[in-house]
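Using this note's numbering, the letters of the sequence shown correspond one by one to residues 6 to 242.
Every residue gets a Cβ at the ideal spot worked out from N, C-alpha and C, and that includes glycine.
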Amino acid sequence: MAGHNKWSKVKHIKAKEDAKKGKVFTKAVRDIMTAVRDGGPNPDTNAALRLAIERAKAVSMPQDNIKRAIDKASGNLPGVKYEEITYEGYGPGGVALMVECLTDNKNRTVAAVRHAFSKSGGSLGTSGSVAWMFDKKGVISVERGEREDEIMEAALEAGANDILEFDEVLVIETEPVDFNAVLEAVEKAGAQILESSVGLVANNEMDVDDETAAKVEKLIEMLEENDDVQNVYHNMK
Numbered sequence: 006m007a008g009h010n011k012w013s014k015v016k017h018i019k020a021k022e023d024a025k026k027g028k029v030f031t032k033a034v035r036d037i038m039t040a041v042r043d044g045g046p047n048p049d050t051n052a053a054l055r056l057a058i059e060r061a062k063a064v065s066m067p068q069d070n071i072k073r074a075i076d077k078a079s080g081n082l083p084g085v086k087y088e089e090i091t092y093e094g095y096g097p098g099g100v101a102l103m104v105e106c107l108t109d110n111k112n113r114t115v116a117a118v119r120h121a122f123s124k125s126g127g128s129l130g131t132s133g134s135v136a137w138m139f140d141k142k143g144v145i146s147v148e149r150g151e152r153e154d155e156i157m158e159a160a161l162e163a164g165a166n167d168i169l170e171f172d173e174v175l176v177i178e179t180e181p182v183d184f185n186a187v188l189e190a191v192e193k194a195g196a197q198i199l200e201s202s203v204g205l206v207a208n209n210e211m212d213v214d215d216e217t218a219a220k221v222e223k224l225i226e227m228l229e230e231n232d233d234v235q236n237v238y239h240n241m242k
């Protein structure tokens with residue numbers, strides 16, 4: 006029995022590790038696909054894609070998975086046609102959400118997204134119902150350190166709109182068209198880049214209580230478990 010219990014524990018740990026690796030791979034795939042859709046499939050001319058590929062390799066993602074993510078995002082998978090769709094809605098407490106999807110079956114995707122909203126007490130809205138609350142921006146998060154003055158100078162010279170200073174992180178905001186130039190500039194300045202993407206940023210954040218925040222986070226988790234969902238944005242503070 007002791008041996009059986011030990012094996013059960015090992016299997017449980019392995020299952021948890023596999024699930025953790027699956028989530029890491031899912032994030033890596035989404036980062037690659039987002040980078041391809043924003044800047045094209047060539048890492049030589051797309052700094053965001055180059056970084057996304059480096060991160061995917063760092064978590065031991067197989068080369069075949071990386072290539073498939075690039076092909077899927079650029080529409081090069083034979084016999085499969087993918088469509089980009091963004092769904093809008095309100096979650097618990099009236100929090101606005103934007104859900105970016107890439108799908109080969111629109112009916113399947115909208116049904117899954119609607120189910121997630123309904124199950125959480127939210128509702129799927131019509132096109133434009135919450136989009137006005139968000140702006141598209143490039144966002145680059147880098148570690149603060151000895152070279153942060155050089156990094157900030159490089160970012161501003163390359164076209165950054167704003168730099169937000171937090172305890173351990175600088176968050177650099179750009180127009181989407183300037184994103185790759187700024188990313189390359191801060192990379193050359195020696196920045197340790199934590200996150201980099203072009204996405205939607207809420208123009209007015211909403212305060213909610215802890216209970217509502219937990220419900221919204223659960224909704225976001227449900228949405229992100231769907232392979233068709235690429236990014237989820239919200240205006241929760």
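Nearest-angstrom Cβ-Cβ length linking residue i and residue j, presumed shorter than 8 Å
{"i": "residue 146", "j": "residue 200", "result": "4 Å"}
{"i": "residue 152", "j": "residue 194", "result": "7 Å"}
{"i": "residue 113", "j": "residue 129", "result": "Going by Cβ atoms, the distance from residue 113 to residue 129 rounds to 15 Å, so no, they are not a contact pair."}
Distance between residue j and residue i (C-alpha atoms, nearest Å)
{"i": "residue 127", "j": "residue 155", "result": "45 Å"}
{"i": "residue 223", "j": "residue 47", "result": "35 Å"}
{"i": "residue 85", "j": "residue 109", "result": "7 Å"}
{"i": "residue 142", "j": "residue 76", "result": "25 Å"}
{"i": "residue 116", "j": "residue 101", "result": "19 Å"}
{"i": "residue 28", "j": "residue 232", "result": "11 Å"}
{"i": "residue 39", "j": "residue 216", "result": "31 Å"}
{"i": "residue 173", "j": "residue 157", "result": "14 Å"}
{"i": "residue 164", "j": "residue 122", "result": "38 Å"}
{"i": "residue 99", "j": "residue 125", "result": "12 Å"}
{"i": "residue 242", "j": "residue 184", "result": "24 Å"}
{"i": "residue 170", "j": "residue 238", "result": "22 Å"}
{"i": "residue 57", "j": "residue 67", "result": "14 Å"}
{"i": "residue 79", "j": "residue 41", "result": "7 Å"}
Identity of the residues DSSP links to residue i by a beta bridge
{"i": "residue 140", "result": "206"}
{"i": "residue 236", "result": "105"}
{"i": "residue 59", "result": "Looking at the DSSP assignment, residue 59 forms no beta bridge with any residue, so it has no partner."}
{"i": "residue 129", "result": "94"}
{"i": "residue 145", "result": "177, 201"}
Residue-chain proximity (residue i, chain E), Cβ-Cβ < 9 Å
{"i": "residue 181", "result": "You won't find chain E in this structure, because it holds only one protein chain."}
Enumerated in chain order, which unbroken segments of the alpha helix (DSSP H) with a length of 4 residues or greater are wholly contained in the stretch 147-233? Here the runs fully enclosed are 153-163, 184-193, 215-229.
If you pair each beta-carbon of the stretch 61-77 with each one of the stretch 169-187, do three or more pairs fall below 8 Å? Segments in contact, no.
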